[in-house]
Amino acid sequence: MRTQRQVVDYSLRKRALLRELLAGRVGTYDLCDASPYLKNAARFHGEPTEQRCPICRSENLTHVHYIYGDELKQSAGQARTVAELSVLAMTLCEFQVFVVEVCLGCDWNHLVEQYLLGRDGLTGGESEQETPGGVAAASGAGARRRREAQR
Numbered sequence: 004m005r006t007q008r009q010v011v012d013y014s015l016r017k018r019a020l021l022r023e024l025l026a027g028r029v030g031t032y033d034l035c036d037a038s039p040y041l042k043n044a045a046r047f048h049g050e051p052t053e054q055r056c057p058i059c060r061s062e063n064l065t066h067v068h069y070i071y072g073d074e075l076k077q078s079a080g081q082a083r084t085v086a087e088l089s090v091l092a093m094t095l096c097e098f099q100v101f102v103v104e105v106c107l108g109c110d111w112n113h114l115v116e117q118y119l120l121g122r123d124g125l126t127g128g129e130s131e132q133e134t135p136g137g138v139a140a141a142s143g144a145g146a147r148r149r150r151e152a153q154r
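Numbered according to my numbering, the sequence shown spans residues 4 to 154.
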């Protein structure tokens, strides 16, 4: 996404967990513990991927995107589709997205990444500046209108 920033990737943690499983220090019951709520979110709001599950190798993984932020109010903590994230990114200043991969076959789940989305990323991390009169600065508002008109 265009406004995605401050990305944290958890692939090293995933590799370490799988290494622990292969070494016999961790059991599959410890790793395959997806809650019913997470599985339902994966079914109804998840984005299917082409990646096979690293545990059962029979199902493709599904990515679930959870959103958190002060502007979301009661919507915080809900699962959303990628299309809904794009709309929210253009409407809200800033919110955090957590991406969880889920296998609906064996209940494997793992946090894949987290990142920030929102309008603040469009202006290089700064929101519009206000003048003493309370009107948004003309250069920031005009640039945003031009970008929206180009779409």
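Think of the CB as a built atom: it goes at the ideal place given N, C-alpha and C, for glycine as much as any other residue.
Measuring alpha carbon to alpha carbon, tell me which residue in L64, H48, E74 and A19 is nearest E87.
The candidate whose alpha carbon is nearest that of E87 is H48.
Would you list, in sequence order, the uninterrupted beta strand (DSSP E) runs of no fewer than 3 residues that lie entirely inside the segment 62-111?
Entirely contained in the segment 62-111, the beta strand (DSSP E) runs reaching 3 residues are, in chain order, 63-71 and 98-105.
Which of the three DSSP states, helix, strand or coil, is assigned to P2?
No answer is possible for residue 2: the residues shown for the chain start at 4 and end at 154.
Just to confirm, does Y40 get its C-beta within under 8 angstroms of one of the non-hydrogen atoms of the ligand NAD?
For the ligand NAD, the structure offers nothing, since it holds no ligand at all.
When you compare only the Cα positions, how much space is there between A92 and R55?
Their backbone Cα atoms lie some 29 angstroms apart in a straight line.
Can you tell me where the beta strand (DSSP E) holding R8 begins and where it ends?
R8 -> beta strand (DSSP E) spans R8 to D12.
Do H68 and V85 count as a contact pair if the criterion is CB distance below 9 angstroms?
Yes, the pair counts as a contact, with Cβ atoms nearer than the cut-off.
Please work out which residues of its chain come closer than 8 angstroms, Cβ to Cβ, to T52, disregarding the five sequence neighbours upstream and downstream, and give them in chain order.
Once the five neighbours on either side are set aside, the close Cβ partners of T52 are N63, L64, T65, H66 and E104.
May I have the straight-line CA-CA distance separating P57 from D12, to the nearest angstrom?
Between P57 and D12, the C-alpha separation is close to 17 angstroms.
Determine, using beta carbons only, whether L21 and G30 come nearer to each other than 9 angstroms.
No; because the gap between Cβ atoms is not below 9 angstroms, this pair is not in contact.
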